[in-house]
Each structure stands twice: as structure tokens, then as C-alpha cells.
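Participant:
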Amino acid sequence: MFYSTGRLITRINDTPTTRSRNGGNLPSVSEQSVSNQPDMEVQYDSQIHAIGQKAQERNLDLQEVSDYYHTCHAAAQRSCSHPEVPPIYHQFLAERETWTYYFEEEFPGKDPLYDCFVAALSQSETNHTRRIEQLEVALQRADLIIHSKDDLLSIKEETLLANKALMSGKDDIIKIRESEIRTEIGLVKAHENTIAWQNRDIQERNTTIKQLKKNLQELNHTGTPRDVQKLQNTLENRTKEIKNTQNTIRKRNDAIKSLTARLQKYEASASNKQGRNKVKKEVKRENNTHIKHESMEY
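Residue 1 is where the sequence shown starts when you use the UniProt record's numbering, and the numbers rise one by one after that.
(1) Have a look at Gly169 and Ser154 and give me their C-alpha separation to the nearest angstrom.
(2) Using 8 Å for Cβ pairs, my map puts Leu259 next to Glu184. What's the rounded Cβ distance?
(3) Quick one: residues in its chain with C-beta nearer than 8 Å to the C-beta of Arg238, no 5 flanking neighbours on either side, listed in chain order?
(4) With 16 as the cutoff for other CB atoms within 10 Å, does Glu218 come out buried or exposed?
(5) Is it a yes or a no for the segment 180-197 touching the segment 244-259, going by three-plus beta-carbon pairs under 8 Å?
(6) Return helix, strand or coil for Asn199, following the three-state DSSP convention.
(7) Checking 8 Å against the spacing of the C-beta atoms, do Ile242 and Gln198 come in under that value?
(8) Quick one: Cα of Arg177 to Cα of Lys149, how far?
(9) Taking DSSP as the reference, what is the three-state secondary structure of Gly109?
(10) So, under 8 Å CB-CB, Thr194 and Arg252 are touching, yes? Tell me the CB distance rounded to an integer number of Å.
(11) On the CB-based measure, 16 or more other CB atoms within 10 Å of its CB, does Ile181 come out buried or exposed?
(12) For Leu231, does the count of other Cβ atoms within 10 angstroms reach 16, so buried, or fall short, so exposed?
(13) Using 10 angstroms around the beta-carbon of Glu158, count the other beta-carbons present and answer buried if the total reaches 16, otherwise exposed.
(14) Can you give me the C-alpha to C-alpha distance between Asp39 and Leu139, rounded to a whole angstrom?
(15) Beta-carbon within less than 8 Å of residue 303's beta-carbon, same chain only, minus the 5 sequence neighbours each way: which residues are those?
(16) I'd like the list of long-range same chain contacts for Leu160, defined as Cβ closer than 6 Å, with 5 residues on each side in sequence excluded.
(17) Between the C-alpha atoms of Asp115 and Arg141, what's the straight-line distance to the nearest angstrom?
(18) If we ignore side chains and look at the alpha-carbon of each, how far apart do His147 and Leu166 end up?
(19) Between Asp171 and Asn244, what straight-line distance do the alpha-carbon atoms span, to the nearest angstrom?
(20) Roughly how many angstroms lie between the CA atoms of Ser179 and Asp151, to the nearest whole one?
(21) Express the C-alpha separation of Leu135 and Asn163 in angstroms, rounding to a whole number.
(22) Restricting to runs no shorter than 4 residues, where is the alpha helix (DSSP H) found entirely within the segment 139-193?
(23) Alpha carbon to alpha carbon, what distance is there between Glu133 and Ile145?
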């Protein structure tokens, strides 16, 4: 795509103009330019494009190249170094000088330097535009990622709020169950107090019955039949009362068993460890009290 300086010089020396000047039978430059004008225009554009692309690939500042070309024209023509021209600029300018002679010979009336810079700037602008488009695409992707992260954070925030509300609801349920357990414990205590009072009453009545039996025996020896009958009636009434009390005690024991089963159910469903330990202690204490009362009754 880009020819070296030596090959360009060889090609320039072998142009139709030079061959005609050396006695060749070839057509003049004007005739050839007219007949091959479209092909030459394509070739000219192609070569200009090649020079501009090479300048752009070397990352040259095109304004600096233009300034050096005009201020160091003689140095570039002699193909020798100039103290104000960096080596990479000198190489490019030397090649440009060779191309300039070729273009003047092959394409008279053209301004190859201007066209070269226009082509290079066009390529540079195209590359920058492509880079800007790539950056815009990258920014759009970054925006999408940011929006996705924002949506994810919003979902997580809603999930945390829902979990917080759920935990609050569970705490309320636990508090309600604890209140129910305390109520059941109060009922058990009330039943226990009633049973203890009934046990004391039974003991007192048993003592009274024993005393009545003793009095009856004494009356059998010394008393009248009327007194004996009165004592027997009193004994029968007290015996019936004892049976009724015993039936009441059995019913209360059944109620205590039912309450104990309900407490065990609440204990199994309670998620608070401290609440479960508290219920266990209460049930254990109630069982000990119940066993104590039963032993006292016997």
C-alpha cells in the first residue's frame, strides 16, 4: 500500500514523460492523462489515502507535519537530517517530497500535500468517532448495570422490610402465646388452690366422722335410740358429702391433665428458647406441687 523511497524514484524515472524525453514512442503526458483520467484519479486517491493512513498510524500531529514541511522544505528535499525535525517527521517528509515529484509528473494541477492531510484527518476523525461510539456503548452498558444494581438493591430492601415485618409478626404471636400460657398457668394455680382447700375440708370431715363414730359407739352403750338415729343420719349425710367432694376432685384432676397437655403443646410450638425454659420450669413446679398434694391426701 505504501512504497519505499527507492521504488518511488525508480517509478518516477520510468514515467511516460521521462520515457518520451529519452526518445520513446509513447504518448505525451497530456494524452495519457486524458485517456487514463479515471484510472489515474483512482490511483491518486489510493496513494493519497496510503500516505494519510501511514501518517495516522505513526500517530503524527498533522499540523506539525505541515509546519515542518513548509519551514524545512530544503532539508526534506536534500534527504538529510535537520536539527528542528524529529527523525520520524523527517522520514515522513522525505517520503512526501518523493511523492510530490511523482504527483507533479503524473497528476499536474493536484495539491498532494493538502489532499494527504485531508485524508489523514478524515481517517483520524473516523477513528475518534468510532472510539466515541464504543465509549458511548460502554457507558450505556454501564448505565444498564447500574440500573440493574439499583433494582437489585431495591428488591433486597423490600425483602428486608418484608422479613422485618414477618419477624415483628412472629414476635407478636410469641407474645400472645406467652400471655395464653400465663393465663393457663393462673388457671392451674387456681385449680390447685381449690383442690388444696377441698383436701383440707375432706380431712376435717374425716376427723368429724371419726368423732361421730366414737360418739355413736358411746351412745350405743349409754344413749337412747333417738340420739343414735340422729347420729347415723348425720354420718350418712357427711359420707355423701365426702363422695361428692371426691367426684369433684376427680373432675378437677381431669381438667388439670387437659391443661397440662395444652401447656405441652404451647411449649413445643414456642420458638423462643427462654419462653420454653420458663414453661418447663412452671410445668415442673406444678407437677411437684400436684404430687405433694396427692401424697398429703393419701
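Each residue gets a CB set at the ideal place from its N, CA and C atoms; glycine is no exception.
Here the structure is a predicted model, which means the values were calculated and not measured.
Facilitator: The answer reads as follows:
(1) On the sequence shown, position 169 is the one that residue 169 refers to. On the sequence shown, position 154 is the one that residue 154 refers to. Each residue's Cα considered, the two are about 22 Å apart.
(2) Within the sequence shown, numbered from 1, the residue matching residue 259 stands at position 259. Within the sequence shown, numbered from 1, the residue matching residue 184 stands at position 184. Yes, they are in contact, since the Cβ atoms of Leu259 and Glu184 sit about 6 Å apart, within 8 Å.
(3) Within the sequence shown, the letter at position 238 stands for residue 238. Arg205, Thr208, Ile209 and Leu212.
(4) Locating residue 218 in the sequence shown gives position 218, where the first residue counts as 1. Under this definition Glu218 is an exposed residue.
(5) yes
(6) Position 199 of the sequence shown, counting from 1, holds the residue named residue 199. Looking at Asn199 - three-state DSSP - the assignment turns out to be helix.
(7) Taking the first residue of the sequence shown as 1, we reach residue 242 at position 242. Taking the first residue of the sequence shown as 1, we reach residue 198 at position 198. No, they are not a contact pair.
(8) Start at 1 with the first residue of the sequence shown, and residue 177 comes out as number 177. Start at 1 with the first residue of the sequence shown, and residue 149 comes out as number 149. Roughly 41 Å separates the two Cα atoms.
(9) Reading the sequence shown from its first residue, position 109 is the one you call residue 109. Note: Gly109 maps to coil in three-state DSSP.
(10) Here residue 194 is taken as the residue at index 194 of the sequence shown, counted from 1. Here residue 252 is taken as the residue at index 252 of the sequence shown, counted from 1. So it is a contact: roughly 7 Å between Cβ atoms.
(11) Translated into the one-based positions of the sequence shown, residue 181 becomes position 181. Classification of Ile181: buried, given that the 10 Å Cβ count is 16 or more.
(12) To locate residue 231, count along the sequence shown from 1; it is residue 231. Classification of Leu231: buried, given that the 10 Å Cβ count is 16 or more.
(13) In the sequence shown, the residue the question calls residue 158 occupies position 158. The residue is exposed, with fewer than 16 neighbouring Cβ atoms inside 10 Å.
(14) Indexing the sequence shown from 1 puts residue 39 at position 39. Indexing the sequence shown from 1 puts residue 139 at position 139. Rounded to the nearest angstrom, the two C-alpha atoms are 45 Å apart.
(15) Absent from the model: residue 303. The displayed extent of the chain is 1 to 298, so no value can be given.
(16) Walking along the sequence shown from the start, residue 160 turns up at place 160. Here the set comprises nothing.
(17) Counting from 1 along the sequence shown, the entry for residue 115 is found at position 115. Counting from 1 along the sequence shown, the entry for residue 141 is found at position 141. Answer to the nearest angstrom: the Cα atoms are 39 Å apart.
(18) Position 147 of the sequence shown, counted from the first residue, corresponds to residue 147. Position 166 of the sequence shown, counted from the first residue, corresponds to residue 166. Cα to Cα, His147 sits roughly 28 Å from Leu166.
(19) In the sequence shown, the residue the question calls residue 171 occupies position 171. In the sequence shown, the residue the question calls residue 244 occupies position 244. So the two alpha carbons sit approximately 46 Å from each other.
(20) Working through the sequence shown from its first residue, we reach residue 179 at position 179. Working through the sequence shown from its first residue, we reach residue 151 at position 151. About 42 Å.
(21) In the sequence shown, the residue the question calls residue 163 occupies position 163. In the sequence shown, the residue the question calls residue 135 occupies position 135. Asn163 and Leu135: Cα-Cα distance of roughly 41 Å.
(22) none
(23) Translated into positions along the sequence shown, residue 145 becomes position 145. Translated into positions along the sequence shown, residue 133 becomes position 133. Distance between the alpha carbons of Ile145 and Glu133 is about 18 Å.
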